[in-house]
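Chains as they are written, first to last, in my numbering: chain A, 1 to 112; chain B, 1001 to 1113.
Don't be surprised by glycine CBs; every beta carbon is placed ideally from N, CA and C.
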Amino acid sequence: SQQGEEDPQALSIQEGENATMNCSYKTSINNLQWYRQNSGRGLVHLILIRSNEREKHSGRLRVTLDTSKKSSSLLITASRAADTASYFCAPSAAGGGNKLTFGTGTQLKVEL
Amino acid sequence: NAGVTQTPKFRVLKTGQSMTLLCAQDMNHEYMYWYRQDPGMGLRLIHYSVGEGTTAKGEVPDGYNVSRLKKQNFLLGLESAAPSQTSVYFCASVPTSGYNEQFFGPGTRLTVL
């Protein structure tokens, strides 16, 4: 498995604005996943993008993947206070027990 | 379905004491994982299991042992707790090898004094 590194480490925006978080990784992947963690809670899966996909949407979430640059981005549109959380990317290589390695995350704060 | 549950939710230990954390899932998932999360850090994999009766080491296995005697349960043991093991422990599960999303439990907050 390999670790994703999220950028920025912290992001503060106003409700209604868009939030963009980036993820970089080092080696070839099978897929890349994004998770959300509310304070003191377990992680919740948001979206998965496979290595042969370039963009994927789910509700207000848009994920892009550029395998040539080994990077991904997560866009949350029209953010809400309830989106306040930490966001982690988890690149996954093929095989190996489906292990994931998480970076330190992006702490998003959406203010009213 | 209760999903993934963890017992206990909180625990305080003294250095040298032992304890077992229980992870249970009622979704008939094959794969299970134990992670630890330290302040300001991502999750680090301790041990994992790809099926009943199997276990394997993750990124930070030292000081921990695990067992998967029943498919629905994954136990994490600390034989002699150390302050460095103060952390929040998360369990996760995955249905099968072809399924990628991990389902997480609510966590166990452990303090070792």
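Would residue i and residue j be called neighbours here (beta carbons separated by less than 8 Å)?
| i | j | result |
| --- | --- | --- |
| residue 89 of chain A | residue 32 of chain A | yes |
| residue 29 of chain A | residue 92 of chain A | yes |
| residue 69 of chain A | residue 63 of chain A | no |
| residue 101 of chain A | residue 1040 of chain B | no |
| residue 97 of chain A | residue 1090 of chain B | no |
| residue 1049 of chain B | residue 1027 of chain B | no |
| residue 99 of chain A | residue 1058 of chain B | yes |
| residue 110 of chain A | residue 15 of chain A | yes |
Of the choices the options, whose alpha-carbon is the least far from that of residue i?
| i | options | result |
| --- | --- | --- |
| residue 74 of chain A | A:53, A:67, A:23 and A:16 | A:23 |
| residue 61 of chain A | A:70, A:41, A:52 and A:87 | A:87 |
| residue 1035 of chain B | B:1113, B:1017 and B:1043 | B:1043 |
| residue 1087 of chain B | B:1001, B:1004, B:1002 and B:1010 | B:1010 |
| residue 18 of chain A | A:71, A:80, A:50 and A:54 | A:80 |
| residue 83 of chain A | A:72, A:59, A:71 and A:51 | A:59 |
| residue 20 of chain A | A:8, A:14 and A:45 | A:8 |
| residue 1053 of chain B | B:1071, B:1080 and B:1012 | B:1071 |
| residue 107 of chain A | A:52, A:37 and A:27 | A:37 |
For chain E, find out if any of its Cβ atoms is closer than 8 Å to the Cβ of residue i; answer yes or no.
| i | result |
| --- | --- |
| residue 41 of chain A | Within the model displayed, chain E is absent; protein chains A and B are what it includes. |
What are the partner residues of residue i, as DSSP defines its beta bridges?
| i | result |
| --- | --- |
| residue 1096 of chain B | DSSP, once it has assigned bridges, lists no residue as partnering residue 1096 of chain B. |
| residue 70 of chain A | According to DSSP, which records beta bridges pairwise, residue 70 of chain A is partnered with nothing at all. |
| residue 6 of chain A | A:23 |
| residue 31 of chain A | A:50 and A:92 |
| residue 107 of chain A | A:10 and A:86 |
| residue 102 of chain A | Paired residue(s): none; residue 102 of chain A is not in a bridge. |
| residue 1019 of chain B | B:1078 |
| residue 1064 of chain B | According to DSSP, residue 1064 of chain B bridges with nothing at all. |
For the putative contact between residue i and residue j, defined by C-beta atoms under 8 Å, what is the C-beta separation to the nearest angstrom?
| i | j | result |
| --- | --- | --- |
| residue 1103 of chain B | residue 1003 of chain B | 6 Å |
| residue 1013 of chain B | residue 1081 of chain B | 5 Å |
| residue 1078 of chain B | residue 1063 of chain B | 7 Å |
| residue 1029 of chain B | residue 1095 of chain B | 5 Å |
Within 7 Å of chain B by C-beta, residues of the region 66-92 of chain A in sequence order:
88 and 92
What are the residues in the region 1088-1108 of chain B lying within 7 Å of chain A by C-beta distance?
1090, 1094, 1097, 1100, 1101, 1102, 1104, 1105, 1106 and 1107
Along the region 1052-1064 of chain B, what residues have a CB closer than 8 Å to any CB found in chain A?
1056, 1058 and 1059
Closer than 8 Å, Cβ to any Cβ of chain B: which residues of the region 9-20 of chain A, in chain order?
none
Can you give me, in chain order, the residues of the region 1034-1051 of chain B that have a beta carbon less than 7 Å from any beta carbon in chain A?
1040, 1041, 1042, 1043, 1045, 1048 and 1050
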